[in-house]
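Novice:
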Amino acid sequence: MKTLKNKKQHKKEGPEKINGTLRRIEQQLDQAADKSEDSSSDYDFEVVDNESLSEDEGPPSESGSEQSEPSGNEDVVSSDDDDGNHDDTRNNRKMDGGESDDSREVIEESDSSEDEVAPRNTVGSVPLEWYNDEEHIGYNLAGKKIKKKERQNKLDSFLASADDSKSWRKIYDEYNDEEVELTKGETKLIRRLLEGKAPHADFDPYQPYVDFFAWDDSKHPLSNAPEPKRRFIPSKWESKKVLQLVRAFRMGRIKFDDKPKKESNLYDVWADDSSLAERQGLAHIPAPKFKLPGHEESFNPSGEYIPSQEEINALQLIPEEDRPKFIPQRFELYRSVPAYDKAVSERFGRCLDLYLCPRARKKRINIDPETLKPKLPSRKDLKPYPTTCYLEYKGHKGPVVSVTAESTGQWIASGSNDGSVRVWEVETGRCLRVWDIGEPVQQVVWNPLPELPLLAIAAGQDVFILNTGLGSEEEQKKIEELLHIETPTAPDDSDKNASLISWGPDEKHGGIRLKHFKTVSSLEWHRKGDYLSTLMPHDILPPTLKSVLIHQLSKKLTQRIPYKLRGLPVSSAFHPIRSIFFISTKKDVRVYDLLKQKLLKKLEPGVREVSSIAIHPGGDNVIVGSKDGKLCWFDMDLSSLPYKVLKPHKKDINKVSFHRSYPLFSSCSDDCTAYVFHGKVYSDLNQNPLIVPLEILRGHASADGRGVLDCKFHPRQPWLFTAGADSIIRLYCH
Amino acid sequence: MFPAVVCLQGKKKEGNAAKYMTRSQAVKYLQVSLSVFRQLCIHKGVFPREPKKKVKGNHHTYYHIKDILFLKHEPLLETLREIRVHEKKVKKAESKKNRNLAERLERHKPDYSLDRLVKERYPTFVDALRDLDDCLSMVHLFAALPAVEREHIEVDRIHKCRRLSHEWQAYISRTHKLRKTFISVKGIYYQAEVQGQIVTWLTPHALQQVLPSDVDYKIMLTFLKFYETQLELVNYKLYQSINVKYPPILDPRLEALAADLYGLTRYLDASARASLVESIDVRPSGSDQNEEQQEGTKLEEPELRLAQLQHNLSSSEPGSLMRLVDDVREEDEDDEETKECRNFFKGMKFFLSREVPRESLLFVIPAFGGMISWEGEGAPFPESDSSITHQIVDRPTQKRMFLSREYVQPQWIYDCINFRVILPTDEYLVGRVAPPHLSPFVDNEEEGHVPEYAETIKRLQAAARKEVLPLPGAGEDDLGDPQNLQGIIDRAEEIEAAEKKRKMAILQKQYLDELKMELESCQYHDHSDTSKLKDAEGPDAEDSLPNLKQIAEDAENMSKVLISRKKRKLLEAMEIGKDRKKAHIKLLKERKKKIDEAEKSG
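Residue numbers (full-length UniProt numbering), protein chains in the order written: chain A, 1 to 734; chain B, 1 to 602.
(1) Output the boundary residues of the alpha helix (DSSP H) element that contains residue 411 of chain A.
(2) Out of curiosity, what's the CA-to-CA distance linking residue 200 of chain B and residue 173 of chain B?
(3) In chain order, what residues of the same chain lie with their CB nearer than 6 Å to the CB of residue 610 of chain A, ignoring the 5 residues before and after it?
(4) Using a beta-carbon distance cut-off of less than 8 Å, what residues from the segment 546-563 of chain B approach chain A?
(5) Determine which residues share a DSSP beta bridge with residue 138 of chain A and list them.
(6) Within 10 angstroms of the Cβ of residue 143 of chain B, are there 16 or more other Cβ atoms? Answer buried if so, exposed if not.
(7) Taking the straight line between their C-alpha atoms, what separation do you get for residue 233 of chain B and residue 222 of chain B?
(8) Mark residue 387 of chain B as exposed unless 16 or more other C-beta atoms lie within 10 angstroms of its C-beta, in which case mark it buried.
(9) Cβ of residue 380 of chain B less than 8 Å from any chain A Cβ?
(10) Taking a contact to mean a Cβ-Cβ separation below 8 Å, would you say residue 105 of chain B touches residue 170 of chain B in this structure?
(11) What does residue 61 of chain B touch in chain A if you count any residue whose Cβ is under 8 Å from its own?
(12) Where does residue 37 of chain A fall in DSSP's three states?
(13) Hey, quick one: how far does the alpha helix (DSSP H) through residue 593 of chain B stretch, first residue to last?
(14) If we call anything under 8 Å between Cβ atoms a contact, is residue 76 of chain B one with residue 112 of chain B?
(15) Judging by CA-CA distance, which residue of B/44, B/180, B/85, B/148 is the nearest neighbour of residue 419 of chain B?
(16) Less than 8 Å between CB atoms is the rule here; does residue 72 of chain A satisfy it with respect to chain B?
(17) State buried or exposed for residue 433 of chain B, treating a residue as buried only when at least 16 other CB atoms are found within 10 Å of its CB.
(18) Give the DSSP-derived three-state secondary structure of residue 624 of chain B in the structure shown.
(19) What does residue 208 of chain B reach in chain A if we use C-beta pairs closer than 9 Å?
(20) Using a Cβ-Cβ cut-off of less than 8 Å, list which residues of the segment 214-241 of chain B approach chain A; keep chain order.
(21) Compute the Euclidean distance between the alpha carbons of residue 507 of chain B and residue 498 of chain B, then round it to the nearest angstrom.
(22) Leaving out five residues before and five after residue 671 of chain A in sequence, what residues of the same chain have Cβ atoms less than 6 Å from its Cβ?
(23) Going along chain A in order, which residues have a C-beta closer than 9 Å to the C-beta of residue 138 of chain B?
(24) What three-state label does DSSP hand residue 353 of chain A in the structure shown?
(25) Which term fits residue 504 of chain B, buried or exposed, when burial requires 16 or more other beta carbons within 10 angstroms of its beta carbon?
(26) Roughly how far, in whole angstroms, is the beta-carbon of residue 468 of chain A from the beta-carbon of residue 520 of chain A, given that I think they are within contact range, below 8 Å?
(27) Taking Cβ-Cβ distances shorter than 8 Å, what residues in chain B pair up with residue 663 of chain A?
(28) Assign residue 358 of chain B to buried or exposed, taking buried as 16 or more other Cβ atoms, counted over all protein chains shown, within 10 Å of its Cβ.
(29) Just to confirm the assignment: which complete alpha helix (DSSP H) runs, minimum length 4, are found wholly within the segment 527-570 of chain A?
(30) Do we get a CB-CB distance below 8 Å when we pair residue 186 of chain B with the residues of chain A?
(31) For chain B, check one thing: does any of its Cβ atoms lie closer than 8 Å to the Cβ of residue 719 of chain A?
(32) Hey, out of B/378, B/353, B/444, whose CA is closest to residue 400 of chain B's CA?
(33) Can you tell which of B/211, B/438, B/368 has its C-alpha closest to the C-alpha of residue 342 of chain A?
(34) Can you give me the start and stop residues for the beta strand (DSSP E) that residue 766 of chain A sits inside?
(35) Does residue 141 of chain A have its Cβ less than 8 Å from a Cβ in chain B?
(36) Output the distance between the C-alpha atoms of residue 339 of chain A and residue 561 of chain B, rounded to the nearest integer angstrom.
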């Protein structure tokens, strides 16, 4: 009976719960079994509460409130347990305090009683944490509180356990808050449990089975129901199922060979490898082959292919997609080359390319860059043209803004920002004459008539027409007559347009002075030398006033151009043969017929800002220089768009000009160069003009970011005069 | 004509809209899933095309409608559909817990073969060879990959890839078709010339490969499926061409020792020679030896037995039979280069140390006519063999050395092969820092930068060529030998050809130089004029030198002035490319300079 009870008791606790504790105990038992002398065979298992056993190693939350250290309890217990291992020679019982004696008494009490003795604590199976903060652990049978024991000092408890030879069989019962010493019988029992046997040795698990109910000689059956029919008849459904299966076998739906054999069906696919065999479908574009590796991919590349550490670091700054995919490395030995980590990825990328990348036949541009350049006639054949600097005219103190050549080609005149106008002899470079105008000169233009050696000078708001004093005496007389003005015409001139223009004699220099109402930027003589156009670009002008004026020298008259301009006028020019007038604004060039007084054409160069225009002596071609360094060639007979746009210069073009007789034109720019082009216009209208760049003329120095300010051809020779911002005029000869 | 398309798109279309359809349209039209469509495209070799005008927008891929119709009429499409149906059945059975049925179905999955498609895509054998690069690289890569259940990379396929790659290598090695090799960080590149086609492929290093997770292995396996078939058929054809039965039967012992390639080559040797040997009627003398061998290998193929016999014979009494057979068979049909390759390592015996990566060298050395052995079981001759001329060692030091042989690093083999010169071994000896390994695929002249070592090798090549002419210590004996004579004649011819080539090159260069001079002459002329003028002037005569550059630049600028914008842009783009190349070369030269300086100072 007792054994059964014990067994039952055990079944209540889960075996897994108990196991850990048991194992530990068993270890201790093994080590110290021979030392134990306690031979009390009387035991009661219930005393050792398994719950408390298992919670020996439980969470530290069960530590008492009195104890400041939360894990103190556990430590005490564990040290108790551990110390059982020590071979204890001294049997010091001093440390066995009253408490442990008490507990032993309790055990003995329970031992002595015949019946099951309820545990000291009566709280039942409630979580013990509930009592964590209390001073008691529960209530005894009498309903009185059971006080918690005071915690032992860790060191003390350790020493005590070390001294106590029986400490290995002591277990802390948390439920009752006491230490329990296991008896020899109990340890045996635990050991049996651990072995997986019944706790008691005398329990036989293999007892012969004794049926609790025997039918043998009873008169009546248990059930009176008749035997069912299905016990005697074969199953219909089974037979159906069998039939189905049989059929499936026969039809071959179910096969019994576990793996169908793969016979290799290799044969020569290309047996009839005739040349006629062609690929079906759309034209096939074969995928390009992968790139073959270069020296840098070698496992042992030449030293120059390996980037230095700094270069590798610098790569980190490059955004990831631009970074080179492969960084060369060097390995001393072939076998130290590791597996390439991107081998699979790269092959996968190739696969993706093969089936996802659109393919198109692209003609590889494998052309020589030279063939892109147009075939030009040899420059030797196009001689003469200015190539080298022959003379320099020095004397001006500021940038030379304008230069002009006399029609005979013996003299040139130049105007500078320092307010001086000089006349030079071309061949010698001698300065013939100097006028000091006082204001920065804008432009100097020589009268195109050889018998009228007059200079028109634009400076500030004035235009001077000065006699240079060249030519024969008869001519001089004529000129003096021409330049003679009796009275200032302005006041009594009733013409509205010219009301602000005053014709008057210039006392200082001996010529005519035309006072304008705004700054004059540009001048142009008509080919006959009688008319002179002036431009006054200004944003705010009264509507009645126009910025383009034409003066007639012989009559001392001023006319305005009666057309509206959009934008500021930049440059103007007379047609060399017909009475046509060109005005360029910043955007476009307008062509007017002066006789019919109407707009003939509008040329659209499509450049940023037009700076100057020049008319071919034939009159059918116009070149336009722009401030983005472009040069547009217009053919008047063709469209209003340029026939050809050249971009010779990197900086603004300041001036363009045509040669009067040679097929040459030039442009000068702020990048200190002047270009000379061959510009041949054929009389055959079907043939396009031939444009060939001939020479880049250098030599001027830059000053204030400006380079060559003006260029003019010599009227008879293929020579070019250039005026630079470095206050020098140069003559380039062939 | 295309009802689905017409319905899909509403009204009738013309031009690009009618000719091309986007991928999603194509998938819809074929009534398949995207993955099936992908498989179809891969197997059929259909690729997207670039329409002139992208009707549906820039971010679509476009297929030509004829390509899609081509796919539509493909019987494979039906098979793929069947497979899909079958998969559904399996899934259904599994979800009903009918495991028996599921297993049974799994076993009888419909399969398809692609040989018909191979024929369709490559109507002639040469076509197939031409497009073999990707195929070989892929198969070689998979031969080195581990089998991964998760990614459906099965062991069988890996084994098949290994087998196929070895078969291919055995053929190349046997027929001496290998031309170039290059050990790169990414793997080893090989280049062979088969039937006039240059085939290049990459094999990974024989190490554990990394399987990245961002790769869709399904796509790769689809490709692999096609490539396996292609390579198998190509191998079949190639083996047939050298009268060897395909698939070859391997010596299981060698297979177990992971020396498949060696086994294969032996098999090849054997079966190619078998018929010839019989016809010559040379009966084996050492029959007991033969039997011993047989016991060891347990093989019944008479060919193989013969092969082993041959092998034994050749190793015991060098050059008796094997050479005879070889010469008879191949002398007539091979081209110059193959001959050169076959005799390149002739008479040399190599032994591989334990640490040397064996597979590659087992392939390469026999391809160039060398004999090879290694440390381990199944090796043809042991390390102690006194006739070994070179031992290949890949470690910093070698303790035990035979004086009769040279201990070289593996790089020596590859360099020799690439430059077709037996290089002096001094620099490649054990413990030395080997000279750089250069890529044979680069045209140094075109690249603009010639590595120092390339020049050294050029000199060596030239020296080797000249050496043959005077015949060092050969005498009449060698001249008497017809084979040697042949060789000499060949060499002589070669030298002549080379000389001619060089002369031509010199002439060409001269011509080019002259042309250049001519181009610049006008400028020179002009310049001389100017200088004359300046001389007359006096003071400015000095600065004629810097002007030269200026003049060249001017000429450049002037020619550019008249170019139309489109051409100018093109020219600029070209110049950018050129500049980049130049910058790269400059960087290399700078680095080289630095290294040289460091060497001098250090």
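Beta carbons: idealized from backbone N, C-alpha and C, even for Gly.
Specialist: Let me spell this out:
(1) Not the alpha helix (DSSP H): residue 411 of chain A falls in the beta strand (DSSP E), residues 411-416.
(2) 14 Å
(3) 570, 584, 586, 624, 626
(4) 550, 554, 557, 558, 559, 560, 561, 562, 563
(5) A/146
(6) buried
(7) 17 Å
(8) exposed
(9) no
(10) no
(11) 356, 358
(12) At residue 37 of chain A, the pLDDT of 42 sits below 50, so the modelled position is not reliable and the matter cannot be decided from this model.
(13) 565-601
(14) yes
(15) B/180
(16) Only weak support is given to the placement of residue 72 of chain A: the predicted model assigns it a pLDDT of 39, under 50, and the value that follows is read from those uncertain coordinates. No, because no Cβ of chain B sits closer than 8 Å to the Cβ of residue 72 of chain A.
(17) exposed
(18) With chain B covering 1 to 602 only, the question about residue 624 of chain B has no answer from this structure.
(19) 339
(20) 214, 215, 216, 219, 220, 223, 232, 233, 236, 237, 240
(21) 14 Å
(22) 649, 650, 651, 707
(23) 347, 350, 351
(24) helix
(25) exposed
(26) Their Cβ separation, rounded to whole angstroms, is 20 Å, which puts residue 468 of chain A and residue 520 of chain A out of contact at 8 Å.
(27) Those do not exist, as residue 663 of chain A stays about 16 Å from chain B at its closest Cβ, beyond 8 Å.
(28) buried
(29) none
(30) yes
(31) no
(32) B/353
(33) B/211
(34) Outside the displayed range of chain A (1 to 734) lies residue 766 of chain A, so it cannot be described from this structure.
(35) no
(36) 54 Å
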